[in-house]
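Novice: Each residue of the sequence shown is one higher than the one before, counting from 2 in our numbering.
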Amino acid sequence: MDDASPASVPRPTSDDIFGVLRGVIDPELGSNIVELGMAKSAKISDAGKVELTIALTTAGCPLRAQIQSDVRSRVNSLPGVTGISINWDVLDQAEKAALMETARRNVATDAPDTEVPLNTRVLMVASGKGGVGKSSITVNLAAAIAAKGFTVGVLDADIWGYSVPRMLGVEGRLAGAEGQKKILPNTRKIGAGHVEIVSMGFLVEDEETALMWRGLMLDRAVRHFLEDVRWGDLDYLFIDMPPGTGDVQMGLARMLPRAEMLVVTTPALAAQKVASRVANMGRNNYLRIVGVIENMTAFVAPDGTSHELFGHGGGQALADEIGAPLLASIPLDKSVAPSGDAGEPVSLGSGPAADALSSLADLIVEEAAPPIDRAGCTVRLLDAANAALDAQLG
2 MDDASPASVP RPTSDDIFGV LRGVIDPELG SNIVELGMAK SAKISDAGKV ELTIALTTAG
62 CPLRAQIQSD VRSRVNSLPG VTGISINWDV LDQAEKAALM ETARRNVATD APDTEVPLNT
122 RVLMVASGKG GVGKSSITVN LAAAIAAKGF TVGVLDADIW GYSVPRMLGV EGRLAGAEGQ
182 KKILPNTRKI GAGHVEIVSM GFLVEDEETA LMWRGLMLDR AVRHFLEDVR WGDLDYLFID
242 MPPGTGDVQM GLARMLPRAE MLVVTTPALA AQKVASRVAN MGRNNYLRIV GVIENMTAFV
302 APDGTSHELF GHGGGQALAD EIGAPLLASI PLDKSVAPSG DAGEPVSLGS GPAADALSSL
362 ADLIVEEAAP PIDRAGCTVR LLDAANAALD AQLG
């Protein structure tokens, strides 16, 4: 890694800053804060410090914390940014009217592309190469978070390498919603919550069936899962991404601009290098990188000794390279594979891997990517505007 001084790093322009702010989506209105007129100004000093002015619909808007987190994460992703300060403002009546007009116009002329609710936290679990345990991480996080009482969706977007149904112990074809041209996910209750699953594994005869799809066929399959599946009122949607940066990844990034990314790697240098490409692809599409998960960190023997079979430090090196936190290091555990084969995620049990995965689930829910506040401010404003318009038309 180069030891370039901060002064040698090019500073982003105001246009660059507004560009990444277009990735900050109001979860209730489905439009970005630049289009809605909430991002008022952006200045950057020679030292790389960014000063922003963001206006909310009300001073006590409960979405402020989420918007602040998203703004900071995305602006911090720009090279050359050394700090961020946010000045909070409130939209005046004329600006609120313009915001609602924009929101209503978008609803009328640009219907949502997907059936994924706007107040769902969407997390793409990605990796640069296969074999790093990405699907295992996806399934175990989904199960651990569902066990806490949340409703969690799992979209198995690894079209060629679908394994989620087996790892969650769910079988059967996908059924249609009664009276609707929609498909219902298969479900499994876990603890106080439940998981809703969609996968190519529910559409083929058996797991050994090979799919020789490319290009438009892959893109259409992904669109089918997002547009034609009747996802319920989800707290989280985990997407098990195919490895690399191909058609499926690009299609999902376009269809779900509010999505965020968890990048999975191993301690091996080769895995770390290719994983950085995935993070760059995400950032090029204005996706927030929530953090890095290092899998297969070390094997913990029965006597408690730790053996680093795949090297050391790859996760932290990747986190440093892409400017994202290292969220967890998951050890090798001999119970992970048989638990997945039996359809009983290891995160629901105990042991070195289970404990690390459970702690990671806690971190995601409580800090890194908490569920979206459903008692927001703009939805009430939209309801009021709709009621007023209905009264005028009535």
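A virtual CB, placed ideally from N, CA and C, is assigned to each residue, including glycine.
Note down, in chain order, each residue of its chain lying with its Cβ closer than 6 Å to the Cβ of residue 41, except the 5 sequence neighbours on either side.
Specialist: 54 and 56
Novice: Can you list, in chain order, the residues of its chain whose CB lies under 8 Å from that of residue 357, leaving out five sequence neighbours each side?
Specialist: 329, 330, 331 and 332
Novice: To the nearest angstrom, report how far apart residue 122 and residue 49 are at their CA atoms.
Specialist: Whole-angstrom Cα-Cα distance: 31 Å.
Novice: Nearest-angstrom Cα distance between residue 86 and residue 302?
Specialist: Straight-line measurement puts the Cα of residue 302 at about 47 Å from the Cα of residue 86.
Novice: In three-state terms, what does DSSP make of residue 353?
Specialist: helix
Novice: Considering only their Cβ atoms, is the gap separating residue 145 from residue 362 smaller than 9 Å?
Specialist: yes
Novice: Looking at C-alpha atoms only, which residue of 138, 17, 23 and 72 is the closest neighbour of residue 354?
Specialist: 138
Novice: Put residue 315 into one of helix, strand or coil per three-state DSSP.
Specialist: helix
Novice: Could you spell out where the alpha helix (DSSP H) holding residue 65 opens and where it closes?
Specialist: 65-77
Novice: Return helix, strand or coil for residue 279, following the three-state DSSP convention.
Specialist: helix
Novice: Does residue 242 come out as helix, strand or coil in the three-state DSSP assignment?
Specialist: coil
Novice: Evaluate residue 11 with the Cβ neighbour count: other Cβ atoms within 10 Å of its Cβ, from every protein chain shown; 16 or more gives buried, anything less gives exposed.
Specialist: Note on residue 11: under 16 other CB atoms within 10 angstroms of its CB, so exposed under the neighbour-count rule.
Novice: DSSP three-state call for residue 25: helix, strand or coil?
Specialist: Three-state DSSP puts residue 25 in coil, outside helix and strand.
Novice: In chain order, what residues of the same chain have a beta carbon less than 7 Å from the beta carbon of residue 116, not counting five sequence neighbours either side?
Specialist: 227, 228, 230, 231 and 232
Novice: Quick one, are the C-beta atoms of residue 1 and residue 310 less than 9 Å apart?
Specialist: Nothing can be reported for residue 1: it is not among the residues displayed for the chain, which extend from 2 to 395.
Novice: What are the start and end residues of each continuous alpha helix (DSSP H) run of 4 or more residues lying completely inside the stretch 114-149, in chain order?
Specialist: Qualifying alpha helix (DSSP H) stretches, in chain order: 135-147.
Novice: Could you please give the first and the last residue of the uninterrupted beta strand (DSSP E) stretch that includes residue 90?
Specialist: 84-91
Novice: Does the beta-carbon of residue 213 have 16 or more other beta-carbons within 10 angstroms, so that it is buried, or is it exposed?
Specialist: Interpretation of residue 213 is limited by its pLDDT of 44, a score under 50 that renders its predicted location unreliable; no figure is taken from the coordinates.
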